[in-house]
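Peer 1: So that you can map any letter, position 120 of the sequence shown is 120 in the UniProt record's numbering, and since no number is skipped, the others follow by simple counting.
By construction, the Cβ of each residue, glycine as well, lies at the ideal position given by its N, Cα and C atoms.
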Amino acid sequence: MVTALYADTSAVVGAFLADEPGHADLRELLLSGRHRVLTSELTRVEFASAMTAAKRTGRIPDGRQFLNQFDEDARTGLLGVIPLVASRILPAARRLVMDNHPLRTLDAIHLAVALNDTAALTDGEPIVMVTRDQRQADVAKAHGLEVR
Numbered sequence: 001m002v003t004a005l006y007a008d009t010s011a012v013v014g015a016f017l018a019d020e021p022g023h024a025d026l027r028e029l030l031l032s033g034r035h036r037v038l039t040s041e042l043t044r045v046e047f048a049s050a051m052t053a054a055k056r057t058g059r060i061p062d063g064r065q066f067l068n069q070f071d072e073d074a075r076t077g078l079l080g081v082i083p084l085v086a087s088r089i090l091p092a093a094r095r096l097v098m099d100n101h102p103l104r105t106l107d108a109i110h111l112a113v114a115l116n117d118t119a120a121l122t123d124g125e126p127i128v129m130v131t132r133d134q135r136q137a138d139v140a141k142a143h144g145l146e147v148r
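1. Would you say Glu46 and Thr9 are within 8 Å of each other, going by their C-beta atoms?
2. Classify Leu5 as helix, strand or coil using the three-state DSSP reduction.
3. Considering Cα atoms alone, identify which of Val81, Val139, Ser87 and Glu146 is closest to Arg36.
4. Among residues of its own chain, excluding the 5 on either side of Thr118, which ones have a beta-carbon nearer than 8 Å to its beta-carbon?
5. Please name the residue, chosen from Gly63, Arg88 and Leu115, that lies closest to Thr52 on a Cα-to-Cα basis.
6. What do you reckon, are the CB atoms on Arg132 and Gly22 nearer than 8 Å?
7. Does DSSP put Ile109 in a helix, in a strand, or in coil?
8. Determine the contact status of Ala15 and Arg27, defining contact as a CB-CB distance below 8 Å.
9. Residue ranges of each beta strand (DSSP E) run of no fewer than 3 residues wholly in the UniProt domain "PIN" (6-141), ordered along the chain?
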């Protein structure tokens, strides 16, 4: 059975940039085609920001190749990009934050997407959250998600 994964931006960036901690494992997990990988439309913006920062600090010569590869992976379905439906996701993210979870805003939005917008895409099968953010991982576990 193919496992459905929801990858936040920290995991996606780690899969693309070779100098990121855990790069090889994240690349195999997210980009090998062995699993169905979902992420939010929010990741497009955060990923572009991360690539621009990596270029600015000299970690990569040019971020466009990574942005183009992300777009190609989304186009071919290697990465399933979930549209951000603000009217549903922002109230859910707000509830997560107001439940006294120590989440940053964008992490709460990612988690709200994982909790609310993935079931229809996986025929109700549970998803596994992939993140490198420990606070987000802890809250995901508290809401019943397996985390890698």
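Peer 2: On the basis of the data shown:
1. yes
2. The answer is strand: DSSP assigns Leu5 an E or B state.
3. Closest option to Arg36, Cα to Cα, is Val81.
4. Ala4, Tyr6, Leu38, Ile82 and Ile127
5. When each option's Cα is compared against that of Thr52, the closest is Gly63.
6. yes
7. helix
8. yes
9. 36-40, 79-82 and 127-130
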